[in-house]
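Chemist: Got a structure for you, written out below as structure tokens; questions coming shortly.
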Amino acid sequence: MVRPMKLAQGTQFKINLETDHIILHGSVEESGGVMLRGSVVLNCQEDIKVRSVTLKLEGKIKVNWSEGHTSRQRQYKDERTIIEHEWPLMSHTRRAYHLDERHYQWDFELPLPGDLPETMHHDLGQVYYRLKAVVERPTFSMNYTARRSLKVSRLASPSCLELLQSTLVSSMWAGKLSYDISIPGRSYTMGSTLPVTFDFLPIHCGLKVRSVVCALKEYLTLSTTQGYSKTVARMVKLHRDTKFQETADRSGPAYHKTEELMIPDETSPWIMVDTTNALISVKHKLKITVSLTNADGHISELRAAIPIVIVTIPEEEDALPTYENAWRSAPYHPPLVISSLPIGATPSLPDLVQPDFGKPWLSSGPSSASSSTSSLATEIMDYHPGVDLSRVPSYGTALRSRRPCSDSLPTYESVSLPQIYE
Numbered sequence: 001m002v003r004p005m006k007l008a009q010g011t012q013f014k015i016n017l018e019t020d021h022i023i024l025h026g027s028v029e030e031s032g033g034v035m036l037r038g039s040v041v042l043n044c045q046e047d048i049k050v051r052s053v054t055l056k057l058e059g060k061i062k063v064n065w066s067e068g069h070t071s072r073q074r075q076y077k078d079e080r081t082i083i084e085h086e087w088p089l090m091s092h093t094r095r096a097y098h099l100d101e102r103h104y105q106w107d108f109e110l111p112l113p114g115d116l117p118e119t120m121h122h123d124l125g126q127v128y129y130r131l132k133a134v135v136e137r138p139t140f141s142m143n144y145t146a147r148r149s150l151k152v153s154r155l156a157s158p159s160c161l162e163l164l165q166s167t168l169v170s171s172m173w174a175g176k177l178s179y180d181i182s183i184p185g186r187s188y189t190m191g192s193t194l195p196v197t198f199d200f201l202p203i204h205c206g207l208k209v210r211s212v213v214c215a216l217k218e219y220l221t222l223s224t225t226q227g228y229s230k231t232v233a234r235m236v237k238l239h240r241d242t243k244f245q246e247t248a249d250r251s252g253p254a255y256h257k258t259e260e261l262m263i264p265d266e267t268s269p270w271i272m273v274d275t276t277n278a279l280i281s282v283k284h285k286l287k288i289t290v291s292l293t294n295a296d297g298h299i300s301e302l303r304a305a306i307p308i309v310i311v312t313i314p315e316e317e318d319a320l321p322t323y324e325n326a327w328r329s330a331p332y333h334p335p336l337v338i339s340s341l342p343i344g345a346t347p348s349l350p351d352l353v354q355p356d357f358g359k360p361w362l363s364s365g366p367s368s369a370s371s372s373t374s375s376l377a378t379e380i381m382d383y384h385p386g387v388d389l390s391r392v393p394s395y396g397t398a399l400r401s402r403r404p405c406s407d408s409l410p411t412y413e414s415v416s417l418p419q420i421y422e
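For the sequence shown, position 5 matches number 5 in full-length UniProt numbering, and the numbering has no gaps at all.
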């Protein structure tokens, strides 16, 4: 679909998106995907000739690392295409198109699958998604090019109990110390605080807690289709406490304290979200080291490791809903839901691919809405209590019907099936 509008100042060729931050909800197996929508805009400051207008989406995973000394260094690299799609907004022809001095717009959309890996950037590997639009012009004329990057994030399902449950490490160390180390959950967002609670009960006389170190470590694993792999670990955050005070307990001296580990936010280059794809895996662990002083002055160490998951919460999730989406959080009211449902046909892809430059673009008028309503009405079936459930209309069809709605539940007698006597 081409939309001639008033000429804007200057020459422009760009890609507009509803949002450049794609949010996938749920795990790879749970997510239903999301729709990518946008438009390609060409503002001609003079009459021009073009041979084609194309838009291409490309998503790739790349890894590249080296091993060995300088003289015998070996390079490992691999690349895999995640997604690839091309829109022929104006198909290539032998005869060039003539575009008048005005503003043109091509709308596009594409359903993105729910198993796309999250965007990530690292010196040794990356996952990226890019849009590239090209206006191909005749020979000796410069082509127009526009680019746009997409960011893909994934939000864990709120019903994922595995990430919500607290984790407790409890045991007896060398018959000298009973300890409990706990965290309230396994999933934490960038920029949040990770509380770690310690409970120590010395069994051996004279044993004291000297210090506690909490370290958040990130493990990046790279692999290739040839079977080569490499794991790189780095320290994300380190917290050390040397002031562990004894507290009175029924069984004797004890230690109880909660340490808070601040997780870097998204602006930090030292942390990434947990992700796993064909070539790259990012995991995190909370490493704990407890330094103990024995009665004879000897220093011992107690070590523990707890896997945790680092996720990101996009700004859109914290913001207030838009005016159009505010009804989603409103109390359910059938007439309100019906009035909020859009009625009308969506332009098909052929309209975008084969535009008619001789006709101005016009928005859909009442006639298109009425025809859509008429066709929709033919899909609505008359249904009454007692009919076979296979004839019940779909949820969307029932909402769009103009039958009177009731906010109250029906009585038992009105919905009970009539008795059949043989």
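Where a beta carbon is used, it is the ideal one built from N, C-alpha and C, also for glycine.
Going by other Cβ atoms of all chains shown within 10 Å of its Cβ, with 16 needed for buried, is F270 buried or exposed?
Modeler: According to the sequence shown, residue 270 is Trp rather than Phe. Per the 10 Å Cβ criterion, exposed.
Chemist: Helix, strand or coil for L124? Go by DSSP, reduced to three states.
Modeler: Three-state DSSP puts L124 in coil, outside helix and strand.
Chemist: In the DSSP assignment, the beta strand (DSSP E) including residue 432 goes from what residue to what residue?
Modeler: With the chain covering 1 to 422 only, the question about residue 432 has no answer from this structure.
Chemist: Would H256 and T247 be called neighbours here (beta carbons separated by less than 7 Å)?
Modeler: Their beta carbons are under 7 Å apart, which means H256 touches T247 by this criterion.
Chemist: Which complete alpha helix (DSSP H) runs does the region 142 to 193 hold, if anything under 4 residues is left out?
Modeler: Runs found: 161 to 164.
Chemist: To the nearest angstrom, how far is it from the Cα of T167 to the Cα of Y144?
Modeler: Answer to the nearest angstrom: the Cα atoms are 55 Å apart.
Chemist: How long is the line joining the alpha carbons of K14 and K62, rounded to whole angstroms?
Modeler: Those two C-alpha atoms are separated by around 27 Å.
Chemist: Would L17 pass as a contact of G33 if the rule is Cβ separation under 7 Å?
Modeler: No; because the gap between Cβ atoms is not below 7 Å, this pair is not in contact.
Chemist: In this structure, how does DSSP classify E422 when only helix, strand and coil are distinguished?
Modeler: Unreliable placement is indicated for E422, whose pLDDT of 43 sits below 50; the coordinate value is still reported in the next sentence. Coil at E422, not helix or strand.
Chemist: Go to T54, then tell me how far its beta strand (DSSP E) extends in each direction, as first and last residue.
Modeler: Unbroken beta strand (DSSP E) run through T54: S52 to E67.
Chemist: For L349, I'd like the list of residues in its chain whose CB is within less than 7 Å of its CB, leaving aside the five on either flank, ordered along the chain.
Modeler: Only weak support is given to the placement of L349: the predicted model assigns it a pLDDT of 40, under 50, and the question is left unresolved by the model.
Chemist: Quick one: residues in its chain with C-beta nearer than 7 Å to the C-beta of Q126, no 5 flanking neighbours on either side, listed in chain order?
Modeler: Excluding residues within five positions, the ones whose Cβ falls inside 7 Å are K62 and M120.
Chemist: Taking only three categories from DSSP, how would you classify N43?
Modeler: Strand at N43.
Chemist: Which runs of the beta strand (DSSP E), 3 residues or longer, sit entirely within the region 245 to 307?
Modeler: Listed in chain order, the complete beta strand (DSSP E) runs (minimum 3 residues) inside the region 245 to 307 are 247 to 249, 252 to 262 and 280 to 293.
Chemist: Taking all protein chains shown into account, do 16 or more other C-beta atoms lie within 10 angstroms of the C-beta of R74, making it buried, or fewer, making it exposed?
Modeler: Burial call: exposed.
Chemist: Once DSSP output is grouped into helix, strand and coil, what is the label at V28?
Modeler: Coil, per DSSP.
Chemist: Where does G68 land, buried or exposed, given buried means 16+ other C-beta within 10 angstroms?
Modeler: The residue is exposed, with fewer than 16 neighbouring Cβ atoms inside 10 Å.
Chemist: Which term fits S91, buried or exposed, when burial requires 16 or more other beta carbons within 10 angstroms of its beta carbon?
Modeler: Answer is exposed; the Cβ neighbour count stays below 16.
Chemist: Could you pull the start and end residues of the beta strand (DSSP E) that L17 belongs to?
Modeler: Unbroken beta strand (DSSP E) run through L17: Q12 to L17.
Chemist: Rank N64, Y129, P307 and Y228 by C-alpha distance to the C-alpha of D20 and give the top, closest one.
Modeler: Answer by Cα proximity: Y129.
Chemist: So residue 423 packs on K237, CB below 8 Å; how close in whole Å?
Modeler: This structure gives no information on residue 423, because the portion of the chain shown stretches from 1 to 422.
Chemist: Since Y129 sits in a beta bridge, which residues does DSSP pair it with?
Modeler: Beta-bridge pairing links Y129 to G59 and L150.
Chemist: Going by CA-CA distance only, name the one from F108, L177 and T189 that's closest to W87.
Modeler: Comparing Cα positions, the closest option is F108.
Chemist: Please list, in chain order, all residues of the same chain as I83 whose beta carbon is under 8 Å from its beta carbon, the five residues on each side excluded.
Modeler: Only L57, E58, G59, L112, P113, L116 and Y129 meet the Cβ criterion.
Chemist: Measure the Cβ-Cβ separation of S211 and S300 and say whether it is below 7 Å.
Modeler: It is not a contact, given that the beta carbons lie outside the stated cut-off.
Chemist: So, using beta-carbon positions, are H98 and N43 closer together than 7 Å?
Modeler: Result no, Cβ atoms of H98 and N43 do not sit closer than 7 Å.
Chemist: Closest to S281 by CA distance: which of S223, A133 and D296 is it?
Modeler: Among S223, A133 and D296, the Cα nearest to that of S281 is on S223.
Chemist: What residue does the beta strand (DSSP E) around Y97 start on, and which one ends it?
Modeler: It spans Y97 to L99 - the beta strand (DSSP E) in which Y97 sits, taken as one unbroken run.
Chemist: Whole angstroms is fine: what's the gap from P202's alpha carbon to S170's?
Modeler: Rounded to the nearest angstrom, the two C-alpha atoms are 14 Å apart.
Chemist: Would you report the Cα separation of residue 427 and S178, rounded to the nearest angstrom?
Modeler: Nothing about residue 427 can be read from this structure; the chain reaches only from 1 to 422.
Chemist: So, with DSSP's three-state summary, where would you put F108?
Modeler: In this structure, F108 counts as strand in the three-state DSSP scheme.
Chemist: I believe V53 touches V135 by the beta-carbon criterion, under 8 Å. Please report the beta-carbon distance rounded to the nearest angstrom.
Modeler: Confirmed, about 5 Å.
Chemist: For S229, report the span of its beta strand (DSSP E) as first-last.
Modeler: S229 -> beta strand (DSSP E) spans S229 to D241.
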